Amino acid sequence: MTDDDVWSGKHARAHDAPVRSLNASVLRWRIDTARSIPLFDPDDGGDAARCLVLLESPGPKTVRPGGTNMCSFDNPDRTNPVLKSVFADAGIDRVQCVKWNIVPWAVLDDAGYPVSPTASVLGEAGPYVGELMALLPKLEVVFVLGAKALDGYMRVITASAPTRLLPVIAAPHPSARNAHAPAAARQRLINAALSVATHLEKAPEPRTVLR
Numbered sequence: 049m050t051d052d053d054v055w056s057g058k059h060a061r062a063h064d065a066p067v068r069s070l071n072a073s074v075l076r077w078r079i080d081t082a083r084s085i086p087l088f089d090p091d092d093g094g095d096a097a098r099c100l101v102l103l104e105s106p107g108p109k110t111v112r113p114g115g116t117n118m119c120s121f122d123n124p125d126r127t128n129p130v131l132k133s134v135f136a137d138a139g140i141d142r143v144q145c146v147k148w149n150i151v152p153w154a155v156l157d158d159a160g161y162p163v164s165p166t167a168s169v170l171g172e173a174g175p176y177v178g179e180l181m182a183l184l185p186k187l188e189v190v191f192v193l194g195a196k197a198l199d200g201y202m203r204v205i206t207a208s209a210p211t212r213l214l215p216v217i218a219a220p221h222p223s224a225r226n227a228h229a230p231a232a233a234r235q236r237l238i239n240a241a242l243s244v245a246t247h248l249e250k251a252p253e254p255r256t257v258l259r
């Protein structure tokens, strides 16, 4: 099977369970924002996910014409092979996870190169992340990768009083640079993944609700 066949197959299933409700939201968000927003991968946990994996923003190659147009662990870039490797080593099954970005569209400069999202961009994107979390009734833990993703997530959960409290663990972004760093960055990423794996091995616990 060729790479084109793999991605065609994913897109053919993009509006089936378990990602039907999530990708229906993506189609609406595209209209709301007039931006290219990738779909959720049907090979992940979708709306049954127990772990939300949050990165910063999609790469321009993902959302450009001819790109995969899907937020996927299988995207052919330098980040996702590192993330898949760490998850495999930790024993995290992707079907327990849903992968997304704190800013769901590519953040680019005037020349079309990726840049870090500003506070204003994080603020604009926040409601979409909040809406996503409302679509994940089995969500138990949030795995945040990168400083900007953590900043954005904290903005989301403190924008109003939360209806549920979730464990959050943060680690460096799984970029090629961090993955091949001689010491701390990669070890932090591995340790965080192991913590998530340990949590997911346990039976789901009752949610804590603020009243």
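Number 259 marks the last residue of the sequence shown (our numbering); no jumps. Glycine included, each C-beta is placed from N, C-alpha and C at the ideal position. Only a predicted model underlies this, so the values are computations on that prediction, with no experimental measurement involved.
9 angstroms Cβ cutoff, residue i in contact with chain C
| i | result |
| --- | --- |
| proline 90 | Absence of chain C from the displayed structure is noted, only one protein chain being present. |
Where residue i sits in the DSSP three-state scheme
| i | result |
| --- | --- |
| alanine 227 | Low local confidence applies: a pLDDT of 48 at alanine 227 is under 50, so the model's placement there is unreliable, with the coordinate-based value given in what follows. Here alanine 227 sits in helix by DSSP. |
| alanine 219 | strand |
| leucine 214 | coil |
| leucine 87 | strand |
| glycine 178 | helix |
| alanine 197 | helix |
| aspartate 64 | coil |
| aspartate 95 | helix |
| alanine 173 | helix |
| histidine 185 | Before going on, a small fix: residue 185 reads as proline here, not histidine. Correct three-state label for proline 185: coil. |
| threonine 127 | coil |
| serine 168 | helix |
First through last residue of the beta strand (DSSP E) which encompasses residue i
| i | result |
| --- | --- |
| valine 190 | 189-193 |
First and last residue of the uninterrupted alpha helix (DSSP H) at residue i
| i | result |
| --- | --- |
| leucine 102 | No alpha helix (DSSP H) holds leucine 102; the beta strand (DSSP E) holding it covers 99-103. |
| serine 73 | 68-81 |
| aspartate 52 | 51-60 |
| histidine 247 | 232-249 |
| lysine 109 | 108-111 |
Per DSSP, cross-strand counterpart(s) of residue i
| i | result |
| --- | --- |
| methionine 118 | Leu87 |
Any contact between the stretch 181-197 and the stretch 94-111? By contact I mean 3 or more CB pairs, one from each, below 8 angstroms. These segments touch.
Ordered list of beta strand (DSSP E) runs contained in the stretch 131-166, each at least 3 residues: 145-149
Check whether the stretch 140-160 touches the stretch 102-120, counting contact only when three or more Cβ pairs, one atom from each stretch, lie closer than 8 angstroms. yes
If we count Cβ pairs, one from each stretch, closer than 8 angstroms, do we get three or more for the stretch 136-152 versus the stretch 191-204? yes
Quick check: the stretch 137-148 against the stretch 235-252, are at least 3 beta-carbon pairs closer than 8 angstroms? yes
Does the stretch 83-94 come into contact with the stretch 53-66, if we say contact requires no fewer than three beta-carbon pairs (one atom in each stretch) closer than 8 angstroms? When C-beta atoms of the stretch 83-94 are compared with those of the stretch 53-66, three or more pairs fall below 8 angstroms, so the two segments count as touching.
Inter-stretch contact at 8 angstroms, needing at least 3 Cβ pairs: the stretch 169-182 / the stretch 122-129: no
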